[in-house]
Amino acid sequence: MKPFYISLKPFLDHQVLPRPAHWATIFGNDRPVEVEIGFGNGEYLARLSTQNPQVNYVGFEEYCERIQRTLRKVNHAGVVNARVLRLDVRPGFDLLFAPKTVRFIHCLFPPPWPKKSGAKHRLFDTAFLRLANNRLRDGGTLKIVTDHRPYAGWITDNVPGTGFDLRLEKVPARYDTKFERKWAEGGQKEFYELTLAKKEHVNVARRKDAAMQHYVMERFDPDRFSMPDHSADGIAVVCKDFLYDPKRKTAMVHVLVNEEHLLQNIRIVIVNGKKGWTINLAQGSLLMPTAGVAKALECVHQAALASVGAIIDRPRGEN
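Just so you know, the sequence shown maps onto residues 482 to 800 in my numbering.
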(Lines of atoms letter the chains of each structure in order from A and count residues from 1; the text may use other names and numbers.)
(Lines give C-alpha, C1' and ligand atoms only; values in the text may rest on other atoms or scores of the structure.)
Protein backbone atom coordinates (compact mmCIF):
# COMPACT_ATOMS: atom_id res chain seq x y z
CA MET A 1 0.00 0.00 0.00
CA LYS A 2 1.43 3.34 -1.06
CA PRO A 3 1.63 6.17 1.52
CA PHE A 4 -0.70 9.15 1.29
CA TYR A 5 1.99 11.33 -0.30
CA ILE A 6 2.78 8.53 -2.83
CA SER A 7 6.49 9.36 -3.27
CA LEU A 8 9.11 11.51 -1.54
CA LYS A 9 11.08 12.07 -4.73
CA PRO A 10 10.03 15.74 -5.14
CA PHE A 11 11.02 16.46 -1.51
CA LEU A 12 14.48 17.95 -0.93
CA ASP A 13 16.45 17.74 2.31
CA HIS A 14 18.01 21.18 2.58
CA GLN A 15 20.62 19.91 5.05
CA VAL A 16 22.43 17.87 2.39
CA LEU A 17 22.20 20.42 -0.42
CA PRO A 18 25.27 22.46 -1.34
CA ARG A 19 25.24 26.18 -0.55
CA PRO A 20 24.05 27.43 -2.98
CA ALA A 21 22.18 24.48 -4.45
CA HIS A 22 23.02 23.29 -7.98
CA TRP A 23 19.52 23.46 -9.45
CA ALA A 24 20.57 22.28 -12.90
CA THR A 25 21.97 19.12 -11.29
CA ILE A 26 18.89 18.62 -9.11
CA PHE A 27 16.48 18.90 -12.04
CA GLY A 28 18.79 17.36 -14.62
CA ASN A 29 18.50 20.37 -16.94
CA ASP A 30 19.21 24.09 -17.06
CA ARG A 31 15.65 25.31 -17.60
CA PRO A 32 14.52 28.53 -15.86
CA VAL A 33 13.77 28.27 -12.14
CA GLU A 34 10.69 29.78 -10.51
CA VAL A 35 9.86 29.75 -6.79
CA GLU A 36 6.58 29.59 -4.90
CA ILE A 37 6.69 30.84 -1.31
CA GLY A 38 4.21 29.15 1.03
CA PHE A 39 2.60 26.73 -1.42
CA GLY A 40 -0.06 25.62 1.10
CA ASN A 41 -1.87 22.53 -0.14
CA GLY A 42 0.04 22.62 -3.42
CA GLU A 43 -2.81 23.41 -5.81
CA TYR A 44 -1.05 26.29 -7.54
CA LEU A 45 2.38 24.61 -7.56
CA ALA A 46 0.96 21.45 -9.15
CA ARG A 47 -0.94 23.53 -11.69
CA LEU A 48 2.08 25.66 -12.63
CA SER A 49 4.39 22.67 -13.03
CA THR A 50 1.81 20.83 -15.13
CA GLN A 51 1.07 23.78 -17.42
CA ASN A 52 4.72 24.80 -17.84
CA PRO A 53 6.91 21.69 -18.26
CA GLN A 54 9.68 23.89 -19.67
CA VAL A 55 10.10 25.58 -16.25
CA ASN A 56 11.53 24.15 -13.01
CA TYR A 57 9.62 24.99 -9.81
CA VAL A 58 10.87 25.10 -6.23
CA GLY A 59 8.34 25.49 -3.41
CA PHE A 60 8.86 26.54 0.22
CA GLU A 61 6.52 25.51 3.04
CA GLU A 62 6.92 24.94 6.79
CA TYR A 63 3.99 22.67 7.70
CA CYS A 64 4.31 18.90 7.29
CA GLU A 65 0.62 18.31 6.56
CA ARG A 66 0.69 20.80 3.69
CA ILE A 67 3.86 19.28 2.31
CA GLN A 68 2.29 15.81 2.30
CA ARG A 69 -0.79 17.09 0.45
CA THR A 70 1.43 18.88 -2.05
CA LEU A 71 3.54 15.79 -2.65
CA ARG A 72 0.34 13.87 -3.34
CA LYS A 73 -0.86 16.46 -5.86
CA VAL A 74 2.50 16.72 -7.61
CA ASN A 75 2.90 12.94 -7.77
CA HIS A 76 -0.66 12.47 -9.03
CA ALA A 77 0.03 15.02 -11.76
CA GLY A 78 3.08 13.02 -12.83
CA VAL A 79 5.27 16.10 -13.18
CA VAL A 80 9.05 15.93 -12.84
CA ASN A 81 9.74 19.68 -12.74
CA ALA A 82 8.69 20.46 -9.15
CA ARG A 83 10.66 20.19 -5.89
CA VAL A 84 9.53 21.11 -2.38
CA LEU A 85 11.40 22.17 0.74
CA ARG A 86 10.33 22.27 4.38
CA LEU A 87 12.05 25.50 5.25
CA ASP A 88 11.50 29.17 6.06
CA VAL A 89 12.12 31.03 2.82
CA ARG A 90 14.31 33.71 4.43
CA PRO A 91 17.32 31.50 5.19
CA GLY A 92 16.31 29.27 2.29
CA PHE A 93 16.71 32.04 -0.27
CA ASP A 94 19.84 33.25 1.45
CA LEU A 95 21.66 29.92 1.48
CA LEU A 96 20.27 27.86 -1.40
CA PHE A 97 20.09 30.37 -4.26
CA ALA A 98 22.92 32.28 -5.88
CA PRO A 99 22.34 35.83 -7.16
CA LYS A 100 20.43 36.17 -10.44
CA THR A 101 19.26 32.53 -10.61
CA VAL A 102 15.46 32.82 -10.24
CA ARG A 103 13.18 33.99 -13.04
CA PHE A 104 9.92 34.48 -11.13
CA ILE A 105 8.75 34.38 -7.50
CA HIS A 106 5.11 33.59 -6.67
CA CYS A 107 3.47 34.15 -3.28
CA LEU A 108 -0.29 33.76 -2.91
CA PHE A 109 -2.01 34.85 0.28
CA PRO A 110 0.88 34.97 2.75
CA PRO A 111 -0.15 35.45 6.41
CA PRO A 112 -0.80 39.19 6.91
CA TRP A 113 -0.24 39.10 10.69
CA PRO A 114 -2.79 41.88 11.22
CA LYS A 115 -2.19 42.39 14.95
CA LYS A 116 0.56 44.74 16.05
CA SER A 117 2.19 42.00 18.12
CA GLY A 118 2.52 39.78 15.05
CA ALA A 119 3.74 42.39 12.57
CA LYS A 120 7.37 41.38 13.17
CA HIS A 121 6.61 38.03 11.50
CA ARG A 122 5.44 39.56 8.22
CA LEU A 123 7.23 38.57 5.06
CA PHE A 124 8.32 41.15 2.46
CA ASP A 125 9.93 43.72 4.68
CA THR A 126 12.63 45.82 3.02
CA ALA A 127 15.42 43.36 3.88
CA PHE A 128 13.63 40.40 2.31
CA LEU A 129 12.60 42.39 -0.76
CA ARG A 130 16.26 43.26 -1.30
CA LEU A 131 17.19 39.58 -0.94
CA ALA A 132 14.48 38.59 -3.42
CA ASN A 133 15.78 41.21 -5.85
CA ASN A 134 19.30 39.84 -5.53
CA ARG A 135 18.20 36.28 -6.30
CA LEU A 136 16.04 37.28 -9.29
CA ARG A 137 17.52 37.40 -12.76
CA ASP A 138 17.67 40.77 -14.49
CA GLY A 139 14.13 41.55 -15.57
CA GLY A 140 12.69 39.02 -13.10
CA THR A 141 9.38 39.40 -11.29
CA LEU A 142 7.99 38.93 -7.79
CA LYS A 143 4.20 38.59 -7.58
CA ILE A 144 2.29 38.73 -4.28
CA VAL A 145 -1.47 38.35 -3.88
CA THR A 146 -3.23 39.18 -0.61
CA ASP A 147 -6.79 39.60 0.63
CA HIS A 148 -5.63 42.11 3.27
CA ARG A 149 -5.47 45.75 2.17
CA PRO A 150 -3.37 47.03 5.11
CA TYR A 151 -0.79 44.31 4.41
CA ALA A 152 -0.64 45.35 0.75
CA GLY A 153 -0.06 48.92 1.92
CA TRP A 154 2.67 47.79 4.30
CA ILE A 155 4.49 45.95 1.50
CA THR A 156 4.14 49.01 -0.73
CA ASP A 157 5.81 51.15 1.94
CA ASN A 158 8.78 48.75 2.00
CA VAL A 159 9.49 48.83 -1.76
CA PRO A 160 11.64 52.02 -2.01
CA GLY A 161 15.33 51.14 -2.12
CA THR A 162 14.77 47.50 -3.08
CA GLY A 163 15.41 47.79 -6.83
CA PHE A 164 11.80 47.05 -7.81
CA ASP A 165 9.11 48.88 -9.76
CA LEU A 166 5.73 48.16 -8.17
CA ARG A 167 2.32 47.82 -9.77
CA LEU A 168 -0.58 47.37 -7.33
CA GLU A 169 -3.92 46.26 -8.75
CA LYS A 170 -7.29 45.18 -7.41
CA VAL A 171 -8.19 41.87 -9.05
CA PRO A 172 -11.07 39.39 -8.82
CA ALA A 173 -10.64 35.85 -7.53
CA ARG A 174 -8.66 34.08 -10.26
CA TYR A 175 -6.05 31.79 -8.66
CA ASP A 176 -8.43 29.10 -7.36
CA THR A 177 -6.54 28.24 -4.18
CA LYS A 178 -7.91 27.16 -0.81
CA PHE A 179 -7.50 30.56 0.83
CA GLU A 180 -8.80 32.51 -2.15
CA ARG A 181 -11.92 30.33 -2.23
CA LYS A 182 -12.35 30.81 1.51
CA TRP A 183 -12.37 34.59 1.25
CA ALA A 184 -14.46 34.62 -1.92
CA GLU A 185 -17.09 32.37 -0.33
CA GLY A 186 -17.12 34.78 2.60
CA GLY A 187 -18.11 37.60 0.26
CA GLN A 188 -14.79 39.20 -0.69
CA LYS A 189 -14.84 40.23 -4.35
CA GLU A 190 -11.53 42.08 -4.70
CA PHE A 191 -7.99 41.03 -3.90
CA TYR A 192 -4.70 42.93 -4.04
CA GLU A 193 -2.08 41.86 -6.56
CA LEU A 194 1.39 43.35 -6.21
CA THR A 195 3.70 42.88 -9.20
CA LEU A 196 7.29 43.87 -8.48
CA ALA A 197 9.48 44.06 -11.58
CA LYS A 198 13.24 44.09 -11.07
CA LYS A 199 14.59 47.34 -12.50
CA GLU A 200 18.10 47.27 -11.01
CA HIS A 201 20.24 44.73 -9.19
CA VAL A 202 20.76 45.09 -5.43
CA ASN A 203 23.86 43.67 -3.76
CA VAL A 204 23.24 41.65 -0.60
CA ALA A 205 25.86 40.11 1.70
CA ARG A 206 25.64 36.33 1.66
CA ARG A 207 24.85 34.48 4.88
CA LYS A 208 27.08 31.56 5.86
CA ASP A 209 26.19 28.54 7.97
CA ALA A 210 27.17 29.10 11.59
CA ALA A 211 29.74 26.68 13.00
CA MET A 212 28.14 24.18 15.39
CA GLN A 213 30.28 23.58 18.48
CA HIS A 214 30.14 20.13 20.08
CA TYR A 215 30.85 20.03 23.80
CA VAL A 216 32.22 17.31 26.08
CA MET A 217 31.97 17.38 29.89
CA GLU A 218 33.37 15.08 32.55
CA ARG A 219 30.34 15.36 34.84
CA PHE A 220 26.62 16.12 34.51
CA ASP A 221 23.72 15.95 36.98
CA PRO A 222 20.33 15.69 35.21
CA ASP A 223 18.46 16.15 38.50
CA ARG A 224 19.91 19.64 38.87
CA PHE A 225 19.65 20.71 35.22
CA SER A 226 17.91 24.07 34.84
CA MET A 227 18.35 26.27 31.79
CA PRO A 228 17.52 30.00 32.03
CA ASP A 229 16.12 31.89 29.05
CA HIS A 230 18.60 33.79 26.90
CA SER A 231 17.89 37.02 25.01
CA ALA A 232 20.68 39.13 23.52
CA ASP A 233 21.98 40.38 20.17
CA GLY A 234 18.71 39.60 18.39
CA ILE A 235 18.67 35.95 19.50
CA ALA A 236 16.20 34.45 21.97
CA VAL A 237 16.64 30.92 23.34
CA VAL A 238 14.00 29.28 25.54
CA CYS A 239 14.07 25.79 27.06
CA LYS A 240 10.64 24.22 26.51
CA ASP A 241 11.23 20.74 27.92
CA PHE A 242 13.86 18.47 29.44
CA LEU A 243 13.73 14.67 29.56
CA TYR A 244 16.21 12.16 30.95
CA ASP A 245 16.45 8.41 30.41
CA PRO A 246 18.57 6.92 33.24
CA LYS A 247 18.91 3.53 31.53
CA ARG A 248 20.40 5.02 28.38
CA LYS A 249 22.07 7.87 30.29
CA THR A 250 20.72 10.30 27.71
CA ALA A 251 19.02 13.67 28.17
CA MET A 252 16.94 15.48 25.55
CA VAL A 253 16.51 19.26 25.68
CA HIS A 254 13.75 20.84 23.58
CA VAL A 255 14.73 24.43 22.79
CA LEU A 256 12.94 27.24 20.96
CA VAL A 257 15.23 29.60 19.03
CA ASN A 258 14.00 32.91 17.62
CA GLU A 259 16.20 35.14 15.45
CA GLU A 260 15.65 37.50 12.51
CA HIS A 261 12.03 36.41 11.99
CA LEU A 262 13.10 32.74 12.00
CA LEU A 263 11.60 30.49 14.68
CA GLN A 264 13.12 27.02 15.09
CA ASN A 265 12.25 24.12 17.39
CA ILE A 266 15.42 22.15 18.00
CA ARG A 267 16.41 19.18 20.14
CA ILE A 268 19.77 18.85 21.80
CA VAL A 269 21.02 15.63 23.38
CA ILE A 270 23.36 15.15 26.33
CA VAL A 271 24.76 11.62 26.12
CA ASN A 272 27.11 9.75 28.45
CA GLY A 273 29.88 7.91 26.62
CA LYS A 274 33.53 6.87 26.81
CA LYS A 275 34.77 10.46 26.56
CA GLY A 276 32.29 11.86 29.05
CA TRP A 277 28.99 13.66 28.54
CA THR A 278 28.69 14.99 24.98
CA ILE A 279 26.33 17.76 23.92
CA ASN A 280 25.18 17.67 20.29
CA LEU A 281 22.21 18.36 18.09
CA ALA A 282 19.89 15.36 17.99
CA GLN A 283 20.36 13.19 14.91
CA GLY A 284 17.85 13.92 12.18
CA SER A 285 17.19 17.48 13.33
CA LEU A 286 15.59 19.47 10.51
CA LEU A 287 17.00 22.93 11.06
CA MET A 288 19.02 25.76 9.61
CA PRO A 289 22.50 25.95 11.17
CA THR A 290 22.25 29.56 12.31
CA ALA A 291 23.92 31.66 15.00
CA GLY A 292 20.84 31.09 17.15
CA VAL A 293 21.26 27.31 17.03
CA ALA A 294 24.94 27.69 17.97
CA LYS A 295 23.87 29.89 20.89
CA ALA A 296 21.32 27.26 21.98
CA LEU A 297 24.07 24.63 22.14
CA GLU A 298 26.15 27.01 24.21
CA CYS A 299 23.22 27.70 26.56
CA VAL A 300 22.64 23.98 27.11
CA HIS A 301 26.34 23.52 27.76
CA GLN A 302 26.40 26.30 30.35
CA ALA A 303 23.31 24.88 32.08
CA ALA A 304 24.88 21.42 32.13
CA LEU A 305 28.03 22.87 33.68
CA ALA A 306 25.95 24.62 36.31
CA SER A 307 24.29 21.32 37.21
CA VAL A 308 27.55 20.19 38.81
CA GLY A 309 28.86 23.61 39.77
CA ALA A 310 31.72 23.10 37.34
CA ILE A 311 33.55 25.22 34.79
CA ILE A 312 35.00 22.27 32.88
CA ASP A 313 34.94 23.12 29.18
CA ARG A 314 36.49 20.77 26.64
CA PRO A 315 35.27 21.16 23.02
CA ARG A 316 35.35 17.97 20.98
CA GLY A 317 38.71 17.32 19.37
CA GLU A 318 40.76 18.93 22.15
CA ASN A 319 43.03 16.91 24.43
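Virtual Cβ for every residue (Gly too), placed ideally from N, Cα, C. Owing to the predicted nature of the structure, the values given are computational and were not obtained by experimental measurement.
Around the beta carbon of R564, 16 or more other beta carbons lie within 10 angstroms, which makes this residue buried. Of all C-beta pairs linking the segment 658 to 666 to the segment 591 to 599, fewer than three are shorter than 8 Å, placing the two stretches out of contact. Of the residues E546, K776, R630 and I586, the one whose Cα lies closest to the Cα of Y486 is E546. Secondary-structure assignment with DSSP links N533 through no beta bridge to anything. If the five residues before and after T658 are omitted, its C-beta is found closer than 6 Å to the C-beta atoms of E524, Y525 and L589, all from its own chain and listed in chain order. In the three-state reduction of the DSSP assignment, T506 falls in the helix class. Annotated three-state conformation of I487 is coil, per DSSP.
Counting the other CB atoms within 10 Å of its CB gives A527 a total of 16 or more, which places it among the buried residues.
Along the segment 683 to 737, the beta strand (DSSP E) occurs as fully enclosed runs of 3 or more residues at 696 to 698, 711 to 713 and 716 to 726, listed in sequence order.
For Q745, the secondary structure class from DSSP, reduced to helix, strand or coil, is strand. DSSP places T551 in the helix class (H, G or I) of the three-state scheme. Around Q535, the same chain offers R512 as residues with beta carbons nearer than 7 Å, after the five sequence neighbours per side are excluded. By the C-beta density criterion, D702 is exposed, having fewer than 16 other C-beta atoms within 10 angstroms. DSSP links C588 through a beta bridge to I625.
C-alpha of F645 to C-alpha of H742: approximately 22 Å in a straight line. Here the C-alpha atom of L489 lies approximately 35 Å from the C-alpha atom of A633. In summary, N510 is exposed, with fewer than 16 beta-carbon neighbours lying within 10 Å of its beta-carbon over all protein chains present. Between the segment 678 to 696 and the segment 624 to 640, the count of C-beta pairs closer than 8 Å stays below three; the two stretches do not touch. Contact annotation: L623 and A613 have beta-carbon atoms nearer than 8 Å. Straight across, the Cα-Cα distance linking I586 with V719 is about 34 Å. For D722, same chain residues with a beta-carbon under 6 Å away, outside a window of 5 residues either side, are H735 in chain order. Residue environment: Q745 is assigned as buried (16 or more neighbouring CB atoms within 10 Å of its CB, all protein chains considered).
Contact check between the segment 547 to 561 and the segment 515 to 522: three or more CB pairs, one atom from each, fall below 8 Å, which counts as touching.
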